[in-house]
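*Asks:*
2 protein chains.
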Amino acid sequence: MNLILLHDSDFISSSTAVLKDRRFHHIRTVQQPVAGDQLKVGRINGKLGTGLVLEITDNQIRLEVRCNTTPPPPLPLTLILALPRPKMLKRILQTCATMGVKQLYLINSYRVDKSYWSSPVLTRQIEEHLMLGLEQAGDTLMPEVHLRKRFKPFVEDELPGLADGSSALLAHPYEASPCPAPQMRPTTLVVGPEGGFIPYEVDKLNMCGFTTIHIGERILRVETAIPALLSRLFPL
Amino acid sequence: MNLILLHDSDFISSSTAVLKDRRFHHIRTVQQPVAGDQLKVGRINGKLGTGLVLEITDNQIRLEVRCNTTPPPPLPLTLILALPRPKMLKRILQTCATMGVKQLYLINSYRVDKSYWSSPVLTRQIEEHLMLGLEQAGDTLMPEVHLRKRFKPFVEDELPGLADGSSALLAHPYEASPCPAPQMRPTTLVVGPEGGFIPYEVDKLNMCGFTTIHIGERILRVETAIPALLSRLFPL
Chain A
1 MNLILLHDSD FISSSTAVLK DRRFHHIRTV QQPVAGDQLK VGRINGKLGT
51 GLVLEITDNQ IRLEVRCNTT PPPPLPLTLI LALPRPKMLK RILQTCATMG
101 VKQLYLINSY RVDKSYWSSP VLTRQIEEHL MLGLEQAGDT LMPEVHLRKR
151 FKPFVEDELP GLADGSSALL AHPYEASPCP APQMRPTTLV VGPEGGFIPY
201 EVDKLNMCGF TTIHIGERIL RVETAIPALL SRLFPL
Chain B
1001 MNLILLHDSD FISSSTAVLK DRRFHHIRTV QQPVAGDQLK VGRINGKLGT
1051 GLVLEITDNQ IRLEVRCNTT PPPPLPLTLI LALPRPKMLK RILQTCATMG
1101 VKQLYLINSY RVDKSYWSSP VLTRQIEEHL MLGLEQAGDT LMPEVHLRKR
1151 FKPFVEDELP GLADGSSALL AHPYEASPCP APQMRPTTLV VGPEGGFIPY
1201 EVDKLNMCGF TTIHIGERIL RVETAIPALL SRLFPL
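So the sequences go chain by chain: A and B. Each residue of the first sequence is one higher than the one before, counting from 1 in my numbering. Each residue of the second sequence is one higher than the one before, counting from 1001 in my numbering.
(1) In chain B, which residues lie less than 9 Å from A:T98 when you measure between Cβ atoms?
(2) The stretch 189-216 of chain A: which residues have C-beta closer than 7 Å to a C-beta of chain C, in chain order?
(3) What are the complete beta strand (DSSP E) segments, minimum 3 residues, inside the stretch 143-184 of chain A?
(4) Is it right to say B:I1012 is buried, meaning 16 or more other beta carbons lie within 10 angstroms of its own, or is it exposed?
(5) Check whether the Cβ of B:Q1136 lies closer than 8 Å to any Cβ atom in chain A.
(6) Is it true that the CB of B:G1216 sits closer than 8 Å to the CB of A:L3?
(7) Can you pull the chain B residues whose beta carbon is under 7 Å from the beta carbon of A:N108, in chain order?
(8) Judging by CA-CA distance, which residue of A:G100, A:K90, A:P86 and A:L81 is the nearest neighbour of A:S109?
(9) Taking CB distances under 8 Å as the criterion, tell me whether A:D37 reaches chain B.
(10) Apart from the five residues on each side of it in sequence, which residues of its chain come closer than 6 Å, Cβ to Cβ, to A:P186?
(11) Could you name the residues of the same chain whose beta carbon sits closer than 7 Å to that of A:L93, not counting the 5 residues immediately before and after it, in chain order?
(12) I'd like to know whether the C-beta of A:C67 is nearer than 8 Å to at least one C-beta of chain B.
(13) Around the Cβ of A:P160, are there at least 16 other Cβ atoms within 10 angstroms (buried) or fewer (exposed)?
(14) At a CB distance below 8 Å, what residues from the stretch 119-150 of chain A approach chain B? Give them in sequence order.
(15) Just the C-alpha distance for B:T1140 and B:T1050, rounded to the nearest angstrom, thanks.
(16) Taking only three categories from DSSP, how would you classify A:L220?
(17) Under a three-way DSSP split, which group does B:C1096 fall into?
(18) Quick test of your reading: A:A163 and A:G209, contact by CB under 8 Å. State the CB separation rounded to the nearest angstrom.
(19) Would a check of beta-carbon distances place B:N1045 closer than 8 Å to chain A?
(20) Which residues in the same chain have their Cβ closer than 7 Å to the Cβ of B:E1121, if we skip the five residues on either side of it in sequence?
(21) Please list the terminal residues of the continuous beta strand (DSSP E) segment that includes A:G51.
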């Protein structure tokens, strides 16, 4: 936790916040501050700043909060990802939030197991894992996650509008061009499931204007491919 | 499993291999081949090729093996990593093997918990996780993993020799230069623990000739930083 993220509901006055939950226990056990110490805080979807410790007890911490610093810039990216299995989804949500992805579409594909769509990670824990990712990065801007359970209508009806005016890339290791050089331009990136998109799906995406790219001959797991792709597509 | 990795001990003659373990069960359940099918195989520390299915029963598979293809080239990298916590170590071993790391040093640091050194992952499961990583990548060349439980003697006595003639880089997000552009040159990369190296350790590494580099203002978890760093340091 490199940043303590604050909800509006944590505030008892315009500049005083009280924490009692996971964040409090982390602060108390790991950071162990005393009254008068300053902690790095941020307001969700707001600015970064400091929390002056007014009081810390066995049950809660009270902070005087001042936030004036702009969070790190988001990636100009819409990431479209075949829904991963739940355990991997947790880490991928964290990674996406940490690396600055702000628009994430989780879509269906032939090789996505149907059971993944009813996983508790997807139905109840998305925000929790995004928060962990933002806390890691020192960012406040909550990513938006969109679920699309039908591949064909999504690709035919919605994707052309999403990708309009952006560099439209499909990461797929076969019959692909090398990943383009880092550039901070609007990008729509599609990443398939473990085992890859089936040829029908690749065709549909190509027909929608997506260029197939690879990042080398080694086949990466999805959770490894995402940081590798983002690190290569966007400059520091 | 994008590749079936074969040990010498799997062979009952110069070109016939029999599998009964995890690999057999995976082949049987996932790939479901019949006699006459060809599977992608590789010999550990040897070449890639095909395994012609001679027979598949409820207990084993018998393959006629021909291997003539060179595996993907390794990264010209020595990766030196503060020992991660066991759960993360599993994934990191897989990621390193998948991405082509062949020399991995796991070292101690102030922020490495002592208990990590007695984890079963470290004492008994290293090869298992490296195999999973190679199977994912379609590579045969087993990485070498070296354990160094004392930071100071390692950095003072061994590291200068390891880094000699290579680009010596320390990934550390503070007081750092941007990561250099991708280039296929010999590199020694040091990555710290969660929470980072302490100033004394950074000083020791800088004194040993290591340049501090970063990959942006966002602080990444170690398991995310590794693919991001490797993808940025080396061309496709």
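The beta-carbon is built from N, C-alpha and C at its ideal position, and this holds for glycine as well. What you are looking at is a predicted structure, and each value in this text was computed from that prediction instead of being measured.
*Replies:* On the basis of the supplied data:
(1) Here the neighbours are R1218, I1219, L1220, R1221 and T1224.
(2) Of the protein chains in the structure, A and B, none is chain C.
(3) Listed in chain order, the beta strand (DSSP E) runs fully inside the stretch 143-184 of chain A are 144-148 and 167-171, counting runs of at least 3 residues.
(4) By the neighbour-count rule (16 or more Cβ atoms within 10 Å), B:I1012 is not buried but exposed.
(5) By this cut-off, B:Q1136 is an interface position.
(6) Not in contact: A:L3 and B:G1216 (Cβ atoms no closer than 8 Å).
(7) Contact note: A:N108 does not reach chain B at a C-beta cutoff of 7 Å; the least C-beta distance is about 21 Å.
(8) Closest by alpha carbon: A:L81.
(9) Residue-level contact by beta carbon fails for A:D37 and chain B, as no gap is shorter than 8 Å.
(10) Correct list, in chain order: P76 and S166.
(11) Answer for A:L93: I126, H129, L130 and G133, listed in chain order.
(12) Answer no: the Cβ-Cβ gap between A:C67 and chain B never drops below 8 Å.
(13) Using a 10 angstroms sphere on the CB of A:P160, the tally of other CB atoms stays under 16, which defines it as exposed.
(14) If the cut-off is 8 Å between Cβ atoms, the stretch 119-150 of chain A has Q136, A137, G138 and D139 near chain B.
(15) Counting only the Cα atoms, B:T1050 lies some 13 Å from B:T1140.
(16) Looking at A:L220 - three-state DSSP - the assignment turns out to be coil, as it is neither helix nor strand.
(17) B:C1096: helix per DSSP, three-state reduction.
(18) A:G209 and A:A163 do touch by the CB rule: their CB atoms are close to 6 Å apart, below 8 Å.
(19) With 8 Å as the cut-off, B:N1045 does not count as an interface residue toward chain A.
(20) Per the sequence shown, the amino acid found at residue 1121 of chain B is Val instead of Glu. Once the five neighbours on either side are set aside, the close Cβ partners of B:V1121 are P1086, L1089 and K1090.
(21) Secondary structure note for A:G51: its beta strand (DSSP E) is the uninterrupted segment L48 to I56.
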